[in-house]
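First up is the structure itself, then whatever we jot down about it.
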Amino acid sequence: MVERRPTGRRTIPFAAEMAALGVVFGDIGTSPLYAFKQGLNAVGGPAISDADVFGLLSLITWAIILSITLKYVMLVLRADNDGEGGILALVTLLDLQRSANGKRLWLLVAGLVGAAMLIGDGVLTPAISVLSAIEGLEVIAPALDHWIVAATVLVILLVFISQRAGTERIGAFYGPVMLVWFLSLAALGLHGIVQAPQVLAAFDPRHGIAILADHPLLAGAILGATFLAITGGEALYADLGHFGRPVITRAWLIVAMPALLLNYYGQGAHVLLHRESVRNPFYDLAPDMFEVPLLILATLATVIASQAIITGVFSLAKQAIELGYLPPMRIRYTSEHNDQHIYVGRLNWIMMTACAAIVVSFGSSDRLASAYGIAVAMAMVSTTILFVAYVHRRWRWPWPALVGLAGGLAVIDLSFAAANLTKLHDGGWLPVTIAALVLVIMVSWRRGLEGLGIQQRRFTQPLDEFVAKGRPAGCAVSPRTAIFLSRGAAVTPVALGRLSELLNVQFTRAVIVSVWIASRPRVPVDERVRVLPLDAAHLRVDVRFGYMQQIDVPAVLGPALYAQGIDPDEAVYVIGHERVMPPDDILGVRDVLAHVFAFLARNAERSVDRFGLPRPRTIEIGYPVRL
625 MVERRPTGRR
635 TIPFAAEMAA
645 LGVVFGDIGT
655 SPLYAFKQGL
665 NAVGGPAISD
675 ADVFGLLSLI
685 TWAIILSITL
695 KYVMLVLRAD
705 NDGEGGILAL
715 VTLLDLQRSA
725 NGKRLWLLVA
735 GLVGAAMLIG
745 DGVLTPAISV
755 LSAIEGLEVI
765 APALDHWIVA
775 ATVLVILLVF
785 ISQRAGTERI
795 GAFYGPVMLV
805 WFLSLAALGL
815 HGIVQAPQVL
825 AAFDPRHGIA
835 ILADHPLLAG
845 AILGATFLAI
855 TGGEALYADL
865 GHFGRPVITR
875 AWLIVAMPAL
885 LLNYYGQGAH
895 VLLHRESVRN
905 PFYDLAPDMF
915 EVPLLILATL
925 ATVIASQAII
935 TGVFSLAKQA
945 IELGYLPPMR
955 IRYTSEHNDQ
965 HIYVGRLNWI
975 MMTACAAIVV
985 SFGSSDRLAS
995 AYGIAVAMAM
1005 VSTTILFVAY
1015 VHRRWRWPWP
1025 ALVGLAGGLA
1035 VIDLSFAAAN
1045 LTKLHDGGWL
1055 PVTIAALVLV
1065 IMVSWRRGLE
1075 GLGIQQRRFT
1085 QPLDEFVAKG
1095 RPAGCAVSPR
1105 TAIFLSRGAA
1115 VTPVALGRLS
1125 ELLNVQFTRA
1135 VIVSVWIASR
1145 PRVPVDERVR
1155 VLPLDAAHLR
1165 VDVRFGYMQQ
1175 IDVPAVLGPA
1185 LYAQGIDPDE
1195 AVYVIGHERV
1205 MPPDDILGVR
1215 DVLAHVFAFL
1225 ARNAERSVDR
1235 FGLPRPRTIE
1245 IGYPVRL
């Protein structure tokens, strides 16, 4: 199998950085549409003072500097798994998925909770981003404001429907559009700052401390609104494998961060001069002649932000599937050059339905902002926990430095998490509920696979014992070569054992193939296959893939079989298919999880599709397994 990696050459200076703007910074890049507005509403709307404006800007400034620039860009991006990032990359780096117990178990739980929260965020981000952009109609054409929800739902449906075509076809369009967007943010910000340059004093962190001290009862709401300015931060780490740390760092420090800060300060300057602009300071900041083009550009930017988060959820789901935390779903690769451009149809339609329902239910970005943020805040806490454990285990920092790192990051992340938890009663329950459902699915699938392995051993025996027995007297021998897929390299595949015991049938050559998913994103070609002849009739083959690679068993297996004198195009594939039977009675949590696993197993992608087996030459043998 040929490694499917990007093959294009960079012919335009900073082309990678421009592309990163379209993929990595779409979410955080659209935060100016709603973050500062929500902060103003949290403090008191038109009744706010100049000190309140300075305080909000100061909080946003230092949240961006400390949480995004220091934590993610300077530190977390250095914790990569062969170039790949994301919260599950930390799980695999710490090797938590194997023999998790004690502290390792709690770290694994933190990782799974963070992953579940990010999937929940994938439903909310398109909703609030597109809705906040379309709400520009309230400023530009107030008579059309009753069409905002319908227009938002239409845009969201188009975004999700277009996923099937893949991102490569329009990917080249993303970077330039987002570059124009960030340049527009900077230009609008400068336009506002020139009118009230005193707003630059908000860079002093004492203003941020003062606003929290002046409004102690509103501190949670203020910090929750401030957090909206950094909600796209986790995407920097999740998309590390797309561009690499140097490219993401340059794009952030040179373009994205300066543009965001300039725009926030421009909005603040405009509010200092025009208190009525608290309704929608982003659009009010623009001169009248630019309002319609800005609405169109903002809508395009939010579509791109939605595309980025959807792609990130697809990537996260693929990692979880290959690591054994989500049931197999059909994954279609949409690019010949980049193995990270994937489409997960079932997940796409679920997200589309949920996202459209959320927009209709909440109706405005102000109401949706109460639900937004909590998922990302909890994911950031999970990332911090795993990252500190990684620094301790891999970088081996001295304890004083490690405690300082953990304490500093904890103060930032836990402050924002606590602030967002105050939104639970006002919509915050939604992302928590979504994440809880995802977590139940993850735990059910993982525990179900472990239980399935235990039950399967009752149907089979060690492979060495089966081979040592030889062929029984009167055994029918098929002239074909059969390839059996096995869950364990040292265990006889259930299908092979059942054919021999029940039908007294064996094959001239039997190839027992075990497919392993490594705890790294990619396995080099020369490490993919290991062949171990057992006797003249039996051959054992171990095939390894990285958790980010496309699984195509016949393509990888073919050269190894040819080397053993076997024509892979003439061989038949024989796979076992379990009919999972959950307990008849539900007496506890384990029984509930068993029923969830049985449902997921019935609806999971079949092995013949997951492993790319040729359907005309594949036989499935079903058998019941009771958990």
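Note that this note's numbering has the sequence shown beginning at 625, numbered continuously upward.
All C-beta atoms, glycine included, are put in the ideal place defined by N, C-alpha and C.
Asked, Found
"Ala739 versus Glu1089: straight-line alpha-carbon distance, rounded", "42 Å"
"Candidates Ala1043, His894, Arg970, Gly646, of which the one nearest Thr850 by Cα", "Ala1043"
"Closest Cα partner of Phe893 within the set Arg1017, Leu809, Pro1117, Val823", "The sequence given here places Ala at residue 893; Phe does not occur at that position. Among Arg1017, Leu809, Pro1117, Val823, the Cα nearest to that of Ala893 belongs to Val823."
"Burial state of Pro905, where buried means 16 or more other Cβ atoms lie within 10 Å", "buried"
"Alpha-carbon to alpha-carbon, Lys1047 and Trp1053", "8 Å"
"Status (buried if at least 16 other CB within 10 Å, exposed otherwise) for Gln787", "buried"
"Other residues of its chain near His831: CB distance less than 6 Å, five sequence neighbours each side excluded", "Phe678, Gly679, Ser682"
"Spatial neighbours of Thr716 in its chain, beta-carbon cut-off 6 Å, leaving aside the 5 residues before and after", "Asn705, Ser1143"
"Endpoints, the beta strand (DSSP E) within which Gly1246 is located", "1242-1250"
"Straight-line gap, Val1165 to Val1153 (C-alpha atoms, nearest Å)", "7 Å"
"Check whether Leu755 and Leu761 have beta carbons under 8 Å apart", "no"
"Under the three-state DSSP convention, the category Phe649 falls into", "coil"
"Counted within 10 angstroms of its Cβ, other Cβ atoms place Leu1126 as buried (16 or more) or exposed", "exposed"
"For Glu708: DSSP bridge partner residues", "Asn705"
"Cβ neighbours of Thr1116 in the same chain (closer than 6 Å, five flanking residues each side left out)", "Thr1084, Gln1085, Leu1087, Phe1090"
"Buried/exposed call for Cys979, threshold 16 Cβ in 10 Å", "buried"
"Residue interval of the alpha helix (DSSP H) (run including Trp1023)", "1023-1045"
"Residue of Ile711, Ala789, Trp805, Ala1097 minimising C-alpha distance to Leu657", "Trp805"
"Coil, strand or helix - Glu1194 by DSSP", "coil"
"Burial state of Thr926 (16 or more Cβ within 10 Å)", "buried"
"Close beta carbons around Leu947, own chain, < 8 Å, minus the five adjacent residues each side", "Leu712, Val715, Thr716, Gln721, Ile1141, Ser1143, Tyr1171"
"Pro870 - DSSP class collapsed to helix/strand/coil", "helix"
"Beta-ladder partner(s) of Ile998, from DSSP", "According to DSSP, Ile998 bridges with nothing at all."
"Buried/exposed call for Arg633, threshold 16 Cβ in 10 Å", "Residue confidence is low: Arg633 scores 40 on pLDDT, short of 50, so the model does not pin down where it sits. No coordinate-derived value is stated."
"Pro1157: first and last residue of the uninterrupted beta strand (DSSP E) it sits in", "1153-1157"
"Span separating the alpha-carbon of Gly1072 from that of Leu732", "17 Å"
"8 Å contact criterion, which Tyr1197 and Thr1242 should meet: CB distance rounded", "4 Å"
"CB contact flag (Leu852, Ala993, <8 Å)", "yes"
"Helix, strand or coil at Ser1231 according to DSSP, with G and I counted as helix", "helix"
"Contact under 8 Å by Cβ, Leu940 with Leu742", "yes"
"Coarse secondary structure for Gly1112, derived from DSSP in three states", "coil"
"Range of the contiguous alpha helix (DSSP H) that encloses Trp686", "674-687"
"Extent of the continuous beta strand (DSSP E) to which Gly844 belongs", "No beta strand (DSSP E) holds Gly844; the alpha helix (DSSP H) holding it covers 843-851."
"Other residues of its chain near Val779: CB distance less than 6 Å, five sequence neighbours each side excluded", "Val754"
"Nonlocal neighbours in the same chain, by C-beta distance under 8 Å from Leu1063, ignoring five residues either side", "Leu736, Val737, Ala740"
"Short Cβ contact (8 Å threshold) for Asp745 with Ala929", "no"
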